[in-house]
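Here the structure is laid out as structure tokens; the discussion comes afterwards.
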Amino acid sequence: RCTHLFGLASRGTFLTPNSTSRSPCQGLSPYLPLPAMMCSVNLTVTERFGQFNNPHARRAGLILRLTLELSECALCLSVLSCFLLWSDEKVILCVVFIIPNSDIVISRSCVPKPIDCLAREVGLLSDEVELYGKTKAKVHLSIIKRLQAQPDGKYVVVTGITPTPLGEGKSTTTIGLVQALGAHLKLNVFACVRQPSQGPTFGIKGGAAGGGYSQVIPMEEFNLHLTGDIHAITAANNLVAAAIDARMFHESTQSDKALYNRLVPLNGEQRKFSPIQINRLKKLGIEKTDPSTLTEEEITRFARLDMDPSSVTWQRVLDTNDRFLRKITIGQSPTEKGYTREAQFDITVASEIMAVLALTTSLQDMRQRLAKMVVATSRGGQPITTEDLGVSGALTVLMKDAIKPNLMQTLEGNPVFVHAGPFANIAHGNSSILADKIALKLVGPEGFVVTEAGFGADIGMEKFFNIKCRYSGLRPHVVVLVATVRALKMHGGGPTVTAGMPLPKEYIEENLELLEKGCSNMRKQIENAQHFGVPVVVAVNAFKTDTEAELDLVCSMAKAVGAFDAVRCSHWAEGGAGAVALGQAVQRASEAPSKFQFLYDLELPIADKIRIIAQKIYGADDIELLPEAQHKVELYTKQGFSNLPICMAKTHLSLSHEADRKGVPTGFILPIRDIRASVGSGFLFPLVGTMPTIPGLPTRPCFYDIDLDPETEQVNGLF
């Protein structure tokens, strides 16, 4: 009888409760807690390769099988060694396979290695790491300069076919692939993923740490707060919103002279412009630095932004699903003297500041992007920016820590950067450029960095190439396209798939005819990736209800339509071991020739860029610019924003604008309802149809199941 067996080991030595070996990491727990329900344990060594005391232990492997006899069922637990190539002093992280299971039980079955140990293993210096407890840390941007001469590793982006509302496992595949490349194929590898919003975590979707035996741990740390980046964005965003309404209020209640005197107050006996006010004077073409020398006309131009309240595009945000904040009226207190206007809240990850964080390349670049964010238009038709409001410097201060990527680990001990989490519809849906760049330097030329693009290839992947890669200068080596039998059957005409409802029998019984028809969507998404000239590997994420014939059919059809390779994966159930074939295929594909190209030139007119995406990626016959969209095309062209890339905002559940049209819709005109500008982020986003920018809560949200054990401080109910 026992409740503790194996824990963490270093230098190739496994630690047991009776072991005298010690880890080099101070404060490291030597034990891995297993479920206390066990009755007896049989331990057998089934395979052993190499010697753990050998200095080349990175090439060794050990698989232990523990058979646990329980009162009602027998469980098999496998303890797998995980090696990282960066350091000769490696901590072996034990992975315990427990069936039946849940994501949070699996996450807790493994004690993470201390994050400072992981940081040392991957080559980070102590002054480049800021610890946030034992399991997460921030990485300082100074590492970019230190490693600037280091060649980059191989760059892999994970995307998917058009999904069901349940999702098809891109995050799980990303983590499973990283575990396969690192723990099993013995390569330097990093995962780079988005930080999830707390809105869906407490709503209906749950967390986004991956799943099963391919997830980021600890999952409760990953899904809740992390290091506070999203809270920093909330604070910065709402500071801008407060500044907008305060400025309009003060301009409406004061004369030019009074407004100017308050904006440039006396400091002793003199008035003095702040640096940000000097920037505004230069923008206005006023080459003066002495406040007393401005003319009345210059005072008016400087002091009055003259924002048109109806043109304000900046909204307040919070990181909660709250449908009743989608439309509100502000300024109803008597102290606001009748200044009211309609406004709304968005969810924090929809804030332009989140997109800025994801696309920035340095602290200086972030400062410039934050300054360029357009919040409204003046009555004279000029764009009003956060720099005009005088708030951009303060925003940079609020974001100075959020710009540093967050370091965590997978269940098998591989490093993960968790950084930024922009919406995949009104923003580009990818993790940060900075995380990718740092990871590519750390893994070295033979290593791999695997990142994920949100939604299907028609949305997240297209934006990854046309937006993220434009600003990063990085060029991916491989596209991994995740497909499932379930989603392909849906695209073949299967019944509606609804979150929270049992799957119809068509999805749990073999149906090759339905599946073959649905493979048309996979074929189209492979073609979409091929537009960019990058090899495509299809990862068929296998479920327990899939048959051999179904999995073989998907793989053969994928290869027949141009995929470099197609392999089945079982990483949810088996961890990295279930994605070794995928890892090997990605290795081979990364050596294949590629001819990367963008889909369109930035110099093209706005409407032409939208049309190219609609026709080549979605399969539309043409686009229709509705009156508001046509007005915005003219406005943004006049304001000088026409050379920005396009970030389409449309449903992710169909290649078309209608979510219920599955497969590969044809013969449709794509309606463009409106176009909005994220100038600081650096893109225009056309709105195709309507979509809420703050979700609502369902009848039974996830929070019904979430609670805290006051004795152990253990979080229960997350998934």
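With my numbering applied, the sequence shown covers 104 to 822.
By construction, the Cβ of each residue, glycine as well, lies at the ideal position given by its N, Cα and C atoms.
Item, Value
"Whole alpha helix (DSSP H) elements within the region 613-671, 4-residue minimum", "615-633 and 651-663"
"Beta-carbon spacing of Thr267, Met593 below 8 angstroms", "yes"
"Span of the beta strand (DSSP E) around Leu811", "Asp810 to Asp812"
"DSSP-derived helix/strand/coil call for Gly263", "strand"
"Distance CB(His755)-CB(Asn528) smaller than 8 angstroms", "yes"
"Cβ neighbour criterion (16 or more within 10 Å) applied to Ile772", "exposed"
"Buried or exposed by the 16-neighbour rule on C-beta atoms within 10 Å, applied to Val208", "exposed"
"Neighbour-count burial assignment, Ala361, 16 or more Cβ in a 10 Å radius", "exposed"
"Which listed residue (Pro774, Leu250, Gly559 and Leu473) has its alpha carbon closest to that of Ala632", "Gly559"
"Residues of its chain near Phe567, where Cβ-Cβ distance is below 6 angstroms and the 5 sequence neighbours each way are ignored", "Val260, Asn533 and Ala556"
"Coil, strand or helix - Pro412 by DSSP", "helix"
"Start and end residues, beta strand (DSSP E) containing Asp725", "Asp725 to Leu728"
"Where the beta strand (DSSP E) containing Ile562 begins and where it ends", "Taken as a continuous stretch (DSSP letters only), Ile562 belongs to no beta strand (DSSP E), as it is neither H nor E."
"Which listed residue (Val782, Ile320 and Arg426) has its alpha carbon closest to that of Asn509", "Ile320"
"The beta strand (DSSP E) enclosing Leu329, as first and last residue numbers", "Premise fails: Leu329 is in no beta strand (DSSP E) and is neither H nor E."
"For Gly388, the three-state DSSP class (helix, strand or coil)", "coil"
"Extent of the continuous beta strand (DSSP E) run through Gln817", "Gln817 to Asn819"
"Below-8 angstroms beta-carbon distance, Thr815 vs any chain B residue", "Included in the structure is just one protein chain, with no chain B present."
"Sequence-distant residues of its chain with Cβ nearer than 7 angstroms to Leu269 (five each side left out)", "Val600 and Ala602"
"Sheet register partners of Gly313 (DSSP bridge)", "Gln318"
"Ile431 versus Thr438, Arg419 and Pro437, residue with shortest Cα-Cα distance", "Arg419"
"Spatial distance of Ile246 from Ile541 (CA atoms)", "7 angstroms"
"Which of helix, strand or coil DSSP assigns to Ser759", "coil"
"Length of the line joining the Cα atoms of Thr304 and Asn382", "42 angstroms"
"Backbone CA spacing between Gly226 and Leu545 [nearest angstrom]", "7 angstroms"
"CB-CB length for Ala367 against Gln357, believed under 8 angstroms", "According to the sequence displayed, residue 367 carries Val and not Ala. That pair is no contact at about 13 angstroms."
"Stretch pair the region 476-487 + the region 326-341: three plus CB contacts closer than 8 angstroms", "no"
"Three-state secondary structure assigned by DSSP to Thr587", "coil"
"Neighbourhood of Ile720 by C-beta distance below 7 angstroms, restricted to the same chain and skipping five residues each side", "Asp561, Glu565 and Asn631"
"Same chain only: Cβ atoms within 8 angstroms of Ile536, ignoring 5 sequence neighbours per side", "Ala461, Leu462, Thr463, Thr464, Lys571, Tyr574, Ser575 and Leu577"
"Gln373 burial status per 10 Å Cβ neighbour count (16 or more: buried)", "exposed"
"Nonlocal neighbours in the same chain, by C-beta distance under 7 angstroms from Gly820, ignoring five residues either side", "Asp808, Ile809 and Asp810"
"7 angstroms CB neighbourhood of Leu329 in its chain, flanking five on each side removed", "Lys239, Gln298, Asn509 and Val521"
"Span of the beta strand (DSSP E), counted from its first residue to its last, around Cys295", "Val292 to Val296"
"Helix, strand or coil at Tyr739 according to DSSP, with G and I counted as helix", "helix"
"Pairwise C-alpha distance: Phe551 and Thr796", "34 angstroms"
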